[in-house]
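Notes to accompany the following structure.
In the working numbering, the protein residues as written are 7 to 126.
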């Protein structure tokens, strides 16, 4: 089957992708060389950050689509403004971050190489 769209831009391969849950059709990806890219429904790049971590292993939109969380090899979970790409908050971890997930209530669960899950 042929893809509906092919979005290119992440350096070092794509390690994570997420659709915005707000129905906008926006897609975010995390790259193997530390980049995050957000595209609009038509495939145009809304913003890119190329200096996030050595690897961005996971990206996920908040339930309202207003924020984007990322985790990677730099031992930090970062919260971004999904519209502008501005860094809103950074949470330092004792090890690299491998997974993040938002609850429907807006809580953020984060897991990493230290075998623990933290909820914020």
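Yeah, the Cβ is synthetic: ideal placement off N, Cα and C, and Gly gets one too.
- Between the alpha carbons of residue 55 and residue 7 lies a distance of about 31 Å.
- DSSP places residue 105 within a strand segment (E or B) once states are collapsed to three.
- Beta-bridge annotation (DSSP): residue 10 is not paired with any residue.
- The straight-line gap separating the alpha-carbon atoms of residue 82 and residue 9 is approximately 33 Å.
- Under DSSP, residue 114 takes part in a beta bridge, and its partners are 108.
- Distance check between residue 38 and each of 108, 21, 90 places 21 closest, using alpha-carbon atoms only.
- With a 10 Å radius around the Cβ and a threshold of 16 neighbouring Cβ atoms, residue 106 comes out buried.
- In terms of Cβ geometry, residue 75 and residue 85 form a close pair [threshold 8 Å].
- The Cβ-Cβ distance between residue 110 and residue 69 falls below 8 Å.
- Only residues of its own chain outside the window of five on either side were considered, and among them 21, 22, 36, 77, 78, 79, 102, 103, 104, 105 have a CB closer than 8 Å to the CB of residue 63, listed in chain order.
- Rounded to the nearest angstrom, the Cβ distance from residue 47 to residue 31 is 3 Å, consistent with a contact under 8 Å.
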